[in-house]
Each structure stands twice: as structure tokens, then as C-alpha cells.
Amino acid sequence: MNSTSDIFEPGSAVRIGTLADINDVIGSAMSQGGLLLTEANLTPAFLTLQTRLAGELLQKCVNYGIRMALVMPDPAAHGARWAELALEHRVHPVIRMVGTREEAVRWLVERA
């Protein structure tokens, strides 16, 4: 990936709250060099880890080799487990949780 044009970044109107939503986003991202999501793309159901939606998205990204950056300035605001996930993914080769869109773009572009 050489530029931001290779990154699939759905608009804030795209909200991930079901398995079908995850499949749609993954399908769109597969033809791109990376996936950039923000908190605006996440529904309360997604942020509730018991629904397993977050795990499903992360696992699909790993399985399909889709590099994903999730902009989440304060993961702890969504619970202690989100803070742990962000810490665990700070050096993950496929998935990163970052504080700003600029960090997300930089990581996706530089790691291509």
C-alpha cells in the first residue's frame, strides 16, 4: 500500500452492529490495502464484548490478512477489557488500536 487511496474507510453512516455488517465491511476492505474504522463506525452492540462482534471482526481481519486500524482515543471509556485489547494490539502486525486518524493512516501506509 502506498497511499491513503488504498485504505477502505467507510463513512460515519456505516455502523457495525451485526455479523452482516462485519461481512459487508470485510468484503469491501478485501479489495483495498487496509481498513480504517473509528468509534463512529461502532454500535453499542459492537462495543459490548459479550456479543462477540468485536472478536469476529478482529478474527476475520487476521484470517484474511486485512490490516485494520481502529481509532479509539480512550479505549478505557468502553471498559477495562477494551483497554486491555488496545494494549495487546499495540504491536500486532494486522490490527492496531490508535488514538487518532493520523496515527491510523500512518501505520496503514507505512506498514504496507
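So the sequence shown is numbered by our numbering: it starts at 894 and just counts up by one.
Cβ coordinates follow ideal geometry from the N, Cα and C atoms, glycine included.
Handout entry: Three-way DSSP call (helix, strand, coil) for GLY927 in this model
Key = strand
Practice task
Return the first residue and the last residue of the beta strand (DSSP E) that ARG989 is part of.
Solution key: 988-991
Exercise for the section: Consult DSSP for ALA922 and reduce its assignment to one of helix, strand or coil. Expected result: helix
Handout entry: Candidates VAL1002, HIS982, LEU946: closest to GLY910 by CA position
Key = LEU946
Handout entry: Same chain, Cβ closer than 6 Å to LEU929, neighbours up to 5 away in sequence not counted
Key = ILE900, GLU902, ALA962, ALA997
Problem - Residues that VAL964 bridges to, as DSSP identifies them - result: THR931, VAL991
Exercise for the section: Give the straight-line distance between the Cα atoms of ILE988 and ALA906, rounded to the nearest whole angstrom. Expected result: 22 Å
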